[in-house]
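The structure appears right after this line, and notes come after that.
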Amino acid sequence: MSFHLNLRTHEQALRGVPVVVDVLDDGLHVVDQRTVRVNQRSSFDLPAGQYALQVTLPSGDRLTETVTSAPGSPDHDIALWEISPHESMQRTVVLKSGPAGGGRRFTEPGFQSLWVRLWTRVDGVWGVGAWPDAVAHWDDDAVAYVFPTGRRPHMLQIGGPRIPWRMVSLPAAEELEVTVQPAGDEQTPNVTLTVATEDNLAEATLGYLTAGAVTHAGLISDQAEDLLNRKTTNPAGAAVGGYFLLRTSSLERLHNWPRNLANWMQWMPDGALIHAWQLIREQQESREPVPARLDEARELLLVTVERGLPVYTEGLRLLVSGLKLFDFQAEGADPEIRDALDRIRPFVAAADLTQPTTSFLGSGPSVASTAPAYGLPRSRRGLAIVYDVAVADLVPLGLVEAGTSLWLNPPPVIGPAEAQMTPHGTVRLADGREFTDLFAAAAAANRTDIWYSWVAEDSGPLAFARDRARRGQLPPP
Numbered sequence: 514m515s516f517h518l519n520l521r522t523h524e525q526a527l528r529g530v531p532v533v534v535d536v537l538d539d540g541l542h543v544v545d546q547r548t549v550r551v552n553q554r555s556s557f558d559l560p561a562g563q564y565a566l567q568v569t570l571p572s573g574d575r576l577t578e579t580v581t582s583a584p585g586s587p588d589h590d591i592a593l594w595e596i597s598p599h600e601s602m603q604r605t606v607v608l609k610s611g612p613a614g615g616g617r618r619f620t621e622p623g624f625q626s627l628w629v630r631l632w633t634r635v636d637g638v639w640g641v642g643a644w645p646d647a648v649a650h651w652d653d654d655a656v657a658y659v660f661p662t663g664r665r666p667h668m669l670q671i672g673g674p675r676i677p678w679r680m681v682s683l684p685a686a687e688e689l690e691v692t693v694q695p696a697g698d699e700q701t702p703n704v705t706l707t708v709a710t711e712d713n714l715a716e717a718t719l720g721y722l723t724a725g726a727v728t729h730a731g732l733i734s735d736q737a738e739d740l741l742n743r744k745t746t747n748p749a750g751a752a753v754g755g756y757f758l759l760r761t762s763s764l765e766r767l768h769n770w771p772r773n774l775a776n777w778m779q780w781m782p783d784g785a786l787i788h789a790w791q792l793i794r795e796q797q798e799s800r801e802p803v804p805a806r807l808d809e810a811r812e813l814l815l816v817t818v819e820r821g822l823p824v825y826t827e828g829l830r831l832l833v834s835g836l837k838l839f840d841f842q843a844e845g846a847d848p849e850i851r852d853a854l855d856r857i858r859p860f861v862a863a864a865d866l867t868q869p870t871t872s873f874l875g876s877g878p879s880v881a882s883t884a885p886a887y888g889l890p891r892s893r894r895g896l897a898i899v900y901d902v903a904v905a906d907l908v909p910l911g912l913v914e915a916g917t918s919l920w921l922n923p924p925p926v927i928g929p930a931e932a933q934m935t936p937h938g939t940v941r942l943a944d945g946r947e948f949t950d951l952f953a954a955a956a957a958a959n960r961t962d963i964w965y966s967w968v969a970e971d972s973g974p975l976a977f978a979r980d981r982a983r984r985g986q987l988p989p990p
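Numbering follows this note's numbering, in which position 353 of the sequence shown is assigned residue number 866; successive positions increment by one, without gaps.
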């Protein structure tokens, strides 16, 4: 007896992603556990009967369904596009955890003038570059960018008038996808930012590790060694593979590849850190002390600090743990280790340790703070507005000159719309969105964009100014 499972998606970039599937009997015992590939048919040979199918995605989400094993039973299809709010977000939904608190939209006032900018480290110095010519998708509940990062450290900074400034490390990739989603509540709006390289295996492994599903990540452990081996072509994936093998104490499968990763990819701190912990773990498992091994591990930890913060949060944890071990060994008398700890501690205190890549509150890559900053940066360089610009920011950002004449073209009325007045004084539309502003509610109900209705003299609809801001095409100061 058997049944056949298909995890289906329209997104070709998801083809072949490994996903963990558990099959449970009526006593809720796991009778089969394996990885299946997206868009590839998988067969399960089990006695006749009904079973519970539990699909654990790398994002941490779980899908549970009932299947029947019987002669000639039809294929059981699970449409992954049904869990995605947009076709462009299918890969993000499968690989990355979603925002805390759904239903928020960038059209709400708390997200106006939300901005991003890109920092790059060149010759050890961080600076803001021009916003990349990214492929972008704008929806009112998600904005996605796709651009390359290349072989040098990058950080994305995001913030706004009501959104705290945050730095997010970006892995090296030929095609990096960054998705921003609104989160939080009306009083404390926030955003969820996810980062994904083009490597499905690396992202799936990272997803299971971040979700704490090490057992599930272990089902794809055969490929983790291959990730590390491909260090020259995909250093970010190699780092993920190295962290996984360290987490599962698979030291023999590390080989000498962490040493090569540390020596060949000196722009990426993670390589030196992984090699340091390989030496520490080898010493911990050895019956005889090898001082030279620990001396090298100590130097590699200090090298890591000099190269910058690890790209991945797993590395940030290991860096602090390693420095504390050597501080303990030296009884606090090693000034270099103590100085390195003092340099790293502010970033750990300001970090969001639930994120896969290193993320912390701060005004720049070298400045972390537990006291959040808000507003627009003083410099427009490299700034891109995520969705809507506040009207009050149009002049300061150079998008519209003060004194410019405006006229209003009445928006077309698409048809009648219905809404309800809620007990707490908001207008709730049929799709569940609520508004305190009647004009905003009317625009949303009629599916009109008010930015096209207001027209500036000589420059056209204000929507044109908003689009320039979204593309990072702000005029120089």
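Where is the CB? At the ideal position from N, CA and C, for every residue including glycine. The structure displayed is predicted, hence computed values, not measured ones.
The segment 746-756 makes contact with the segment 682-689, as at least three CB pairs between them are under 8 angstroms.
Rounded to whole angstroms, the gap between the alpha carbons of threonine 883 and glutamine 791 is 32 angstroms. Within the segment 644-701, the runs of beta strand (DSSP E) that reach at least 3 residues and sit entirely inside it are, in chain order, 648-652, 655-660, 667-672, 679-683, 689-697.
Taking C-beta atoms as the reference points, threonine 826 and threonine 871 count as a pair closer than 9 angstroms.
For threonine 633, the uninterrupted beta strand (DSSP E) run begins and ends at 628-635, by DSSP. Spanning the alpha carbons of tyrosine 756 and glycine 828 requires a straight line of approximately 8 angstroms. One Cα belongs to leucine 910, the other to alanine 978, and the distance between them is close to 10 angstroms.
Selection Gln868, Phe841, Glu844, Pro878 evaluated against proline 859 yields Pro878 as nearest (Cα-Cα). Fully contained in the segment 812-894 are the following alpha helix (DSSP H) runs of length 4 or more, in chain order: 826-842, 848-863. Taking the Cα of alanine 724 as reference, the smallest distance to any Cα among Gly611, Asp646, His542, Pro560 is reached at Gly611.
Three or more Cβ pairs closer than 8 angstroms define a contact, and the segment 653-670 falls short of that threshold against the segment 904-920.
Residue pairing by DSSP places leucine 942 opposite Ala932 in a beta bridge.
Taking the CA atoms as reference points, alanine 717 sits about 19 angstroms from glutamate 600. Within a 10 Å sphere around the beta-carbon of aspartate 636 sit fewer than 16 other beta-carbons, which makes this residue exposed.
When the beta-carbon positions are compared, tryptophan 678 and tyrosine 887 come within less than 9 angstroms of each other. Here the alpha carbon of aspartate 847 sits roughly 22 angstroms from the alpha carbon of isoleucine 787. With 16 or more neighbouring CB atoms inside 10 Å of its own CB, phenylalanine 839 falls in the buried class. Here alanine 709 carries a strand assignment [DSSP, helix/strand/coil]. Beta-bridge pairing by DSSP links isoleucine 898 to Trp628. In the DSSP assignment, serine 582 is bridged to Gly562. Taking every protein chain shown into account, the CB of glutamate 524 has 16 or more other CB atoms within 10 angstroms, so this residue is buried.
No Cβ-Cβ contact shorter than 9 angstroms links arginine 618 with alanine 897. Between tryptophan 644 and glycine 985 the beta-carbon gap is near 3 angstroms, inside 8 angstroms, which marks them as a contact.
Secondary structure note for alanine 749: its alpha helix (DSSP H) is the uninterrupted segment 748-760. DSSP places phenylalanine 516 in no alpha helix (DSSP H) but in the uninterrupted beta strand (DSSP E) bounded by 515-521. Threonine 605 sits in a helix when the DSSP states are folded into three classes. DSSP places proline 531 in the strand class (E or B) of the three-state scheme. The three-state reading of DSSP puts tryptophan 967 in strand, counting E and B together.
In the DSSP assignment, tryptophan 790 falls within the unbroken alpha helix (DSSP H) covering 782-798.
A residue is called buried once 16 or more other Cβ atoms fall within 10 Å of its Cβ, and glycine 640, having fewer, is exposed. Taking the Cα of serine 972 as reference, the smallest distance to any Cα among Leu912, Thr939, Pro622 is reached at Leu912. Residue environment: lysine 837 is assigned as exposed (fewer than 16 neighbouring CB atoms within 10 Å of its CB, all protein chains considered). Proximity to leucine 831 across Trp967, Leu814, Glu931, Ala561 peaks at Leu814, based on C-alpha coordinates.
A contact is defined here as three or more CB-CB pairs under 8 angstroms, and the segment 691-702 fails this definition with respect to the segment 849-864. Excluding sequence positions up to five before and after arginine 811, its CB lies within less than 6 angstroms of the CB of Phe839, all in the same chain and listed in chain order.
Counting the other CB atoms within 10 Å of its CB gives alanine 715 a total of 16 or more, which places it among the buried residues.
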